[in-house]
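Peer 1: Respectively, the protein sequence lines represent chains X and E.
If you read the first sequence in my numbering, its first letter stands for residue 1063, the second for the next number, and so on.
If you read the second sequence in my numbering, its first letter stands for residue 656, the second for the next number, and so on.
Each residue gets a CB set at the ideal place from its N, CA and C atoms; glycine is no exception.
Note that the structure is a prediction, hence the values are computed from the model and not measured.
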Amino acid sequence: MNYTNLIISSRFENTRLAALCATEVASRSFNSEALNEIELSIVELVNNCIEHAYEESVNQQVSIEFKLFKDHLIIEVTDNGKALDPSILDNMNGSFDFDPDDLDNLPEGGFGLNIIKASMDEVKYERLNDKNHWLLTKFC
Amino acid sequence: MKIESKNVNNTLVLILQEKRLDASQAVSLKDEISEYIKADNQNIAINLHTVEFVDSSSLGALVSCLKLMGSRGRLTLFGLNKPVISMFKLTRMDRVFTLCETEEQALEALEA
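See the structure below:
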C-alpha cells in the first residue's frame, strides 16, 4: 500500500494542491478518464468541507489521506467543521434531474456531492469525535 | 481572471486564459462575463481551449451567466477539452449550453 497524507488550510485555491496530489498518487494505476473523475471528486469534496463544514472560515484544517492498493484507491478526508445531515448524502443518487429548457430554474449549485457519488465507486460519511470523516473508494 | 476579447462580425468572442476554473475563480468568472452581458453584447462565444479543469462552482457561474443572458441574446461555448466536456455531460449541462468544437462553428451557431 502506498500512503500519502496532505494537510491543507481551508482556502478554495488549495483544492489545486489536493487535485495535484490525487492525480500524482493515482497516475500509474488509473486511466485518464478515471484520473479526471478522481481529481473532480477530491476538489468537490474539499470545496464542500470549506463551504459547508467550515462555512468559508479560512485557515481551518482539512486532512486528506491517499491509500493506493493494488486494485483500488481510498481517499479519506477529515475536517473539524459542522456536521453534515447524513440523509442529504443518502438521498443523492448520482443523477442530475432538472428541465434543461426551463432556463430560469436551472440549478447553479448543489452539484458537488452528486458529482462525487457519480464519479467514485463508494462514498461514505461518518461523524466521529466531532469530526467529519469521508471515505471515497475508486477501483482500478 | 484573465480574459481576452475580440469582435467578429456581431459576436463578442471571449478567450479565457485560465487552466483551471475552480471555486477560487468562480466569482470573478461570473462577474466578468456578466459585465460583458450587461454591456449589451447580444452574441457571446466563450473560448475554453486553455481550460483543463472545471469544478461545479465555476460550472454554476457559467449557468448564472446563461440565465442572465436569457432573452437578451445568445451565448455559446467552444474549444472544450475532454475533461471539461465530461463535466458538462456528467451534470447534463451539455443539454443546456450550445457547445461547439471551433470558433467558426460557434459563430455559425450564433448566427443561425
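Is it the case that the segment 1140-1151 of chain X contacts the segment 673-692 of chain E, given that we only count it when at least three CB pairs across the two stretches are under 8 Å?
Peer 2: no
Peer 1: From this set, N665(E), V682(E), E687(E), A681(E), which residue's C-alpha is nearest E659(E)'s C-alpha?
Peer 2: The candidate whose alpha carbon is nearest that of E659(E) is E687(E).
Peer 1: When DSSP builds the beta bridges, which residues end up paired with T1199(X)?
Peer 2: Note: T1199(X) sits in a beta bridge opposite I1136(X), E1184(X).
Peer 1: Residues in its own chain within less than 6 Å of Y1065(X) by CB, not counting five upstream and five downstream?
Peer 2: Residues of the same chain with a CB within less than 6 Å of the CB of Y1065(X), apart from the 5 flanking positions on each side, are K1129 in chain order.
Peer 1: Let me check understanding here. Comparing Cα to Cα, which of K693(E), I670(E), L721(E) lies closest to T705(E)?
Peer 2: I670(E)
Peer 1: List the residues of chain E that T1077(X) touches, going by C-beta distances under 8 Å, in chain order.
Peer 2: D677, A678, S679, D710
Peer 1: If you drop the 5 nearest sequence neighbours on each side, which residues of the same chain put their C-beta closer than 7 Å to that of Q672(E)?
Peer 2: K657, I658, E659, T705
Peer 1: Quick one: list the residues of chain E neighbouring A1180(X), beta-carbon separation under 7 Å, in chain order.
Peer 2: Those are L745, listed as they occur along chain E.
Peer 1: Report all residues from its chain with a CB closer than 8 Å to the CB of G1156(X); omit the five preceding and five following residues, and keep chain order.
Peer 2: N1176, K1179, A1180
Peer 1: Whole alpha helix (DSSP H) runs in the segment 1075-1148 of chain X with 4 or more residues, listed along the chain?
Peer 2: Secondary structure in the segment 1075-1148 of chain X: the alpha helix (DSSP H) runs of 4 residues or longer, each lying completely within the stretch, are 1077-1088, 1094-1110 in chain order.
Peer 1: Relative to the C-alpha of Q1122(X), which residue among C1202(X), R1073(X), N1067(X), D1147(X) is closest?
Peer 2: R1073(X)
Peer 1: Distance cutoff 7 Å, beta carbons only. Does S719(E) sit that close to anything in chain X?
Peer 2: Residue-level contact check: S719(E) touches chain X, since one or more beta carbons of chain X fall below 7 Å from its beta carbon.
Peer 1: When Cβ atoms are compared, which residues of the segment 1106-1127 of chain X fall closer than 8 Å to chain E?
Peer 2: Within the segment 1106-1127 of chain X, the qualifying residues are E1106, N1109, I1112, E1113.
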